[in-house]
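Protein chains: 2
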Amino acid sequence: MSEKVTIYDIAEKLNITAATVSRALNNNPKIKESTRDLVLKTAASMNYKQNKLALALKSGRSNNIGVIVPRVDSNFFASVIRGIEEELYPHGYQVIICQTHESTKRENENLHTLVDAQVDGIMMSVTDVSNENDSAFRNVLEKNVPLIFFDRSKHIEGVSSVTINDFKGGYMTTKHLIDEGCKCIAHLSGDQSLEIFKNRFLGYKQALLDNGIPFREEYVIYAKSSVDAGKKAVDILLGLETPPDAIFSSSDFAALGAIQELRSRNISIPKEFCVAGFSNEPFTKFMELSITSVDQSPLEMGRMSARVFLEQVDKTDTIKIEKKVVLAPELHIRKSSTRTNF
Amino acid sequence: MSEKVTIYDIAEKLNITAATVSRALNNNPKIKESTRDLVLKTAASMNYKQNKLALALKSGRSNNIGVIVPRVDSNFFASVIRGIEEELYPHGYQVIICQTHESTKRENENLHTLVDAQVDGIMMSVTDVSNENDSAFRNVLEKNVPLIFFDRSKHIEGVSSVTINDFKGGYMTTKHLIDEGCKCIAHLSGDQSLEIFKNRFLGYKQALLDNGIPFREEYVIYAKSSVDAGKKAVDILLGLETPPDAIFSSSDFAALGAIQELRSRNISIPKEFCVAGFSNEPFTKFMELSITSVDQSPLEMGRMSARVFLEQVDKTDTIKIEKKVVLAPELHIRKSSTRTNF
DNA sequence: ATAAATCATGTAATCGATTACACGAAAATA
DNA sequence: TATTTTCGTGTAATCGATTACATGATTTAT
Numbered sequence: 018m019s020e021k022v023t024i025y026d027i028a029e030k031l032n033i034t035a036a037t038v039s040r041a042l043n044n045n046p047k048i049k050e051s052t053r054d055l056v057l058k059t060a061a062s063m064n065y066k067q068n069k070l071a072l073a074l075k076s077g078r079s080n081n082i083g084v085i086v087p088r089v090d091s092n093f094f095a096s097v098i099r100g101i102e103e104e105l106y107p108h109g110y111q112v113i114i115c116q117t118h119e120s121t122k123r124e125n126e127n128l129h130t131l132v133d134a135q136v137d138g139i140m141m142s143v144t145d146v147s148n149e150n151d152s153a154f155r156n157v158l159e160k161n162v163p164l165i166f167f168d169r170s171k172h173i174e175g176v177s178s179v180t181i182n183d184f185k186g187g188y189m190t191t192k193h194l195i196d197e198g199c200k201c202i203a204h205l206s207g208d209q210s211l212e213i214f215k216n217r218f219l220g221y222k223q224a225l226l227d228n229g230i231p232f233r234e235e236y237v238i239y240a241k242s243s244v245d246a247g248k249k250a251v252d253i254l255l256g257l258e259t260p261p262d263a264i265f266s267s268s269d270f271a272a273l274g275a276i277q278e279l280r281s282r283n284i285s286i287p288k289e290f291c292v293a294g295f296s297n298e299p300f301t302k303f304m305e306l307s308i309t310s311v312d313q314s315p316l317e318m319g320r321m322s323a324r325v326f327l328e329q330v331d332k333t334d335t336i337k338i339e340k341k342v343v344l345a346p347e348l349h350i351r352k353s354s355t356r357t358n359f
Numbered sequence: 018m019s020e021k022v023t024i025y026d027i028a029e030k031l032n033i034t035a036a037t038v039s040r041a042l043n044n045n046p047k048i049k050e051s052t053r054d055l056v057l058k059t060a061a062s063m064n065y066k067q068n069k070l071a072l073a074l075k076s077g078r079s080n081n082i083g084v085i086v087p088r089v090d091s092n093f094f095a096s097v098i099r100g101i102e103e104e105l106y107p108h109g110y111q112v113i114i115c116q117t118h119e120s121t122k123r124e125n126e127n128l129h130t131l132v133d134a135q136v137d138g139i140m141m142s143v144t145d146v147s148n149e150n151d152s153a154f155r156n157v158l159e160k161n162v163p164l165i166f167f168d169r170s171k172h173i174e175g176v177s178s179v180t181i182n183d184f185k186g187g188y189m190t191t192k193h194l195i196d197e198g199c200k201c202i203a204h205l206s207g208d209q210s211l212e213i214f215k216n217r218f219l220g221y222k223q224a225l226l227d228n229g230i231p232f233r234e235e236y237v238i239y240a241k242s243s244v245d246a247g248k249k250a251v252d253i254l255l256g257l258e259t260p261p262d263a264i265f266s267s268s269d270f271a272a273l274g275a276i277q278e279l280r281s282r283n284i285s286i287p288k289e290f291c292v293a294g295f296s297n298e299p300f301t302k303f304m305e306l307s308i309t310s311v312d313q314s315p316l317e318m319g320r321m322s323a324r325v326f327l328e329q330v331d332k333t334d335t336i337k338i339e340k341k342v343v344l345a346p347e348l349h350i351r352k353s354s355t356r357t358n359f
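This is the structure in structure tokens:
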């Protein structure tokens, strides 16, 4: 039953104006203490709840922020979202989730929907960087909605980003494999139009060069983030004239597939062949043959994105602060690449 | 720069009323076709975007629905959320995420926040069933906000729920272990004040009785959903006078811990000891020794919850339809409990 | 040709809260 | 005592869109 109670109801009951009620509730200094107390008491007794929609319409701020990710059921993105939610919760923001399913069309739709819904900010991991159609992004910026990229970023003026140092991640992992005595290290790469994959690759390449190991084009295989892709990649690599003795994969799933395929061919890991992945998916440490992987601290990434957003909102000035936060990757060395114990 | 364009701006430009503009945009039949076309064209050229907040205030519907889960970074909940989002997306609803972190206080806060934010519905997995303080839930129902429980439910009149048949899940898993020749089957249970764990336990018990295997109190161990809890449980079980030869765990993580502990004691799985888990976490099938587990079809659960919600909204009548959907669990038999190949 | 029906649009209230401005009363100052 | 501040509230506009009702212009029916 409970009809919605408005400030008008309170005003009527107390024979005063809604304006006074509003002021009392907002701790406006120019209100008599006795009236304030009376209003607060009455509001409580009538179970008054502020209508956030009315407030949002009046103020232009919805207290909602939008998060766009390719999909929510991936450990990485879910953890980022968790970080965002935790950081924003104390500030009264609600988090709205959108998924692109890696579709540019959906990405644009989501951007428009969120802007239409008057969110106070948008945090996202870009789906397709090659998407030249920036109009959806420009629309966001024109409406002065703070936009923050995390993990998968895109170069757009006025947009802050929170990423990890993928180059370093690629470099340190490759260096580790070299240190374990691997001489021919292959690389499974994702779509290199995405900077994250480009940089992991560049880090890999640099580590080879810095350590006097020749870089070979044929050791770099494009592989989607799936178990099957990893298996196929191994099939190709083992067919080469000089097959590699290690794999640095940009994806944990592909790394897993690689391991499965290597084992089915009775190649011993890590003795004959070392494997390392990227993302530190939960399963990498659960395996009997745990998989070496690079942690991207998604929780921290989410928290940091939220913090960058909060800074952005505080600055009511039109000064555009474009902040680029780069987190350090963390290499978790596990059995799949540890020869010292064997 | 782009100032926000309202229907008043369009009206002014065309020398008509905002009312007419509104009607034209809403395909109101009593509008001259020529005016409609003109308005639509002008709106497009001015890049007009409807202000959803104003609409929400007027209509009382925000087109947002709230989802409350213990945490978002678990494969199960993330998948449910994915299902909800996918099903609701075509209907123009946005999904707002809240986390309780298993705290009743946070759960109540979230419920209030969502109601205050005028969401059109709430879907949630209950954190603490023993929480006698129903006031937050009653508040939701009094405000006539459709409430739907998924997975972890609670008996409240007027609340629909989407769950899986946990009893059956427990029963079929236990039956499977029996069929594999296990004679002494232990059970790792979660907090049995939660129906899901209670029912998995009951299914386990019934399967034993139906197959002439005595039920033993000491074989039921309380274990949190963690690897460590699983290890400790095995420690206790193996210390019994008659140690078991199989474990049915309500949690995949505990099952994993159990397996690790068994292996460290050189007990061979599945030859000497069988293990089965619950939830079908991704890692269960990735392990070299893949783990038998019960799939809860979280994606379907999310979709179904969304569908139940949509039905609920359609019925504008005050008739309260309380719908209880129970999905079938699916047993994925894997190496950790398959003796036939050995 | 006149009355009735139909059509397209305008007027103004509404959703609930905030706030600039106005105003009378009380308090402070001269 | 007369005048200026200060204080506490009220009035009314505003945020943007929707919609019941009113109104004037056509069209149709008698």
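Chains as they are written, first to last, in the numbering used here: chain A, 18 to 359; chain B, 18 to 359. Backbone N, C-alpha and C fix where the C-beta goes; we use that ideal spot for every residue, glycine too.
C-beta contact flag for residue i and residue j at 7 Å
i, j, result
"Ser310 of chain A", "Asp245 of chain A", "no"
"Leu327 of chain B", "Leu74 of chain A", "no"
"Tyr221 of chain A", "Phe265 of chain A", "yes"
"Val136 of chain A", "Gly83 of chain A", "yes"
"Val343 of chain A", "Asn182 of chain A", "yes"
"Ala263 of chain A", "Ile350 of chain A", "no"
"Leu205 of chain A", "Ala293 of chain A", "no"
"Val179 of chain B", "Lys160 of chain B", "no"
"Pro299 of chain A", "Asn81 of chain A", "no"
"Asp90 of chain A", "Thr121 of chain A", "no"
Burial state of residue i (16 or more Cβ within 10 Å)
i, result
"Lys352 of chain A", "buried"
"Ser282 of chain A", "In the sequence as displayed, the identity of residue 282 of chain A is Arg instead of Ser. Per the 10 Å Cβ criterion, exposed."
"Asp54 of chain A", "exposed"
"Met18 of chain A", "Unreliable placement is indicated for Met18 of chain A, whose pLDDT of 42 sits below 50; the coordinate value is still reported in the next sentence. Exposed."
"Leu225 of chain B", "buried"
"Lys288 of chain B", "exposed"
"Lys21 of chain A", "exposed"
"Met63 of chain A", "exposed"
"Pro315 of chain B", "buried"
"Leu164 of chain B", "buried"
"Glu305 of chain A", "exposed"
"Phe359 of chain A", "In this prediction, Phe359 of chain A scores a pLDDT of 44, lower than 50, which makes its location untrustworthy; the coordinate-derived value is nonetheless stated afterwards. Phe359 of chain A should be labelled exposed."
"Lys49 of chain A", "exposed"
"Arg99 of chain B", "buried"
"Asn253 of chain B", "Sequence inspection shows Ile at residue 253 of chain B; the Asn mentioned does not correspond to that position. Burial call: exposed."
"Thr357 of chain B", "exposed"
"Pro261 of chain A", "buried"
Nearest candidate by alpha-carbon position, reference residue i, set the options
i, options, result
"Val176 of chain B", "B:Glu102, B:Ile139, B:Tyr188, B:His193", "B:Ile139"
"Val12 of chain A", "A:Ser76, A:Ala95, A:Arg78, A:Lys122", "With chain A running from 18 to 359 in the structure shown, residue 12 of chain A is simply not present."
"Asn150 of chain A", "A:Glu278, A:Arg123, A:Ser296, A:Asn32", "A:Arg123"
"Lys302 of chain B", "A:Glu119, A:Gln67, A:Thr37, A:Gly274", "A:Gly274"
"Ser322 of chain B", "B:Asn297, B:Phe166, B:Phe300, B:Gly187", "B:Phe166"
"Ala207 of chain B", "B:Val89, B:Asn127, B:Tyr239", "Residue 207 of chain B is actually Gly in this sequence, not Ala. Among B:Val89, B:Asn127, B:Tyr239, the Cα nearest to that of Gly207 of chain B belongs to B:Tyr239."
"Glu347 of chain B", "B:Thr190, B:Lys30, B:Asn125", "B:Thr190"
"Val143 of chain B", "B:Ala61, B:Ser267, B:Ser170", "B:Ser170"
"Thr52 of chain A", "A:Glu258, A:Phe184, A:Asn297, A:Asn32", "A:Asn32"
"Leu112 of chain A", "A:Glu102, A:Thr59, A:Ser120", "As written in the sequence, residue 112 of chain A is Val, which differs from the Leu given in the question. Taking only the C-alpha atoms, the option nearest Val112 of chain A is A:Glu102."
"Lys185 of chain B", "B:Tyr65, B:Ser307, B:Phe295, B:Lys248", "B:Phe295"
Interface partners of residue i on chain A, CB under 9 Å
i, result
"Asp133 of chain B", "Lys66, Gln67, Asn68, Lys69"
"Leu273 of chain B", "Phe303"
Where residue i meets chain B, residues with beta-carbon distance less than 9 Å
i, result
"Ala203 of chain A", "Those within 9 Å of Ala203 of chain A in chain B number zero; the least Cβ separation is about 21 Å."
Proximal residues of chain B, C-beta to C-beta of residue i below 7 Å
i, result
"Pro299 of chain A", "Phe300"
"Leu74 of chain A", "Leu70, Ala71, Leu74"
Contact list for residue i against chain A, beta-carbon separation under 7 Å
i, result
"Val112 of chain B", "Ile113, Ile114"
Chain B contact residues for residue i, given Cβ-Cβ distances below 8 Å
i, result
"Asn125 of chain A", "What Asn125 of chain A touches in chain B: nothing, since even the nearest Cβ is about 14 Å away."
Within chain A, the residues that residue i reaches when beta carbons sit closer than 8 Å
i, result
"Val292 of chain B", "Within chain A, no residue comes near Val292 of chain B; the closest Cβ sits about 14 Å away, beyond 8 Å."
- Task: Pick out the complete alpha helix (DSSP H) segments inside the segment 210-287 of chain A, 4 residues or longer, and give them in chain order.
- Result: 212-227, 244-255, 269-281
- Query: Along the chain, which unbroken stretches of the beta strand (DSSP E) at least 3 residues long are found entirely within the segment 62-116 of chain A?
  - Reply: Fully enclosed beta strand (DSSP E) runs of 3 or longer: 81-86, 111-116.
- Which residue spans inside the segment 132-182 of chain B form an unbroken beta strand (DSSP E) run of at least 3? 139-141, 164-167, 177-181
- Message: Give the list of continuous beta strand (DSSP E) stretches no shorter than 3 residues that lie fully inside the segment 307-343 of chain A.
- Response: Complete beta strand (DSSP E) runs here, min 3: 309-312.
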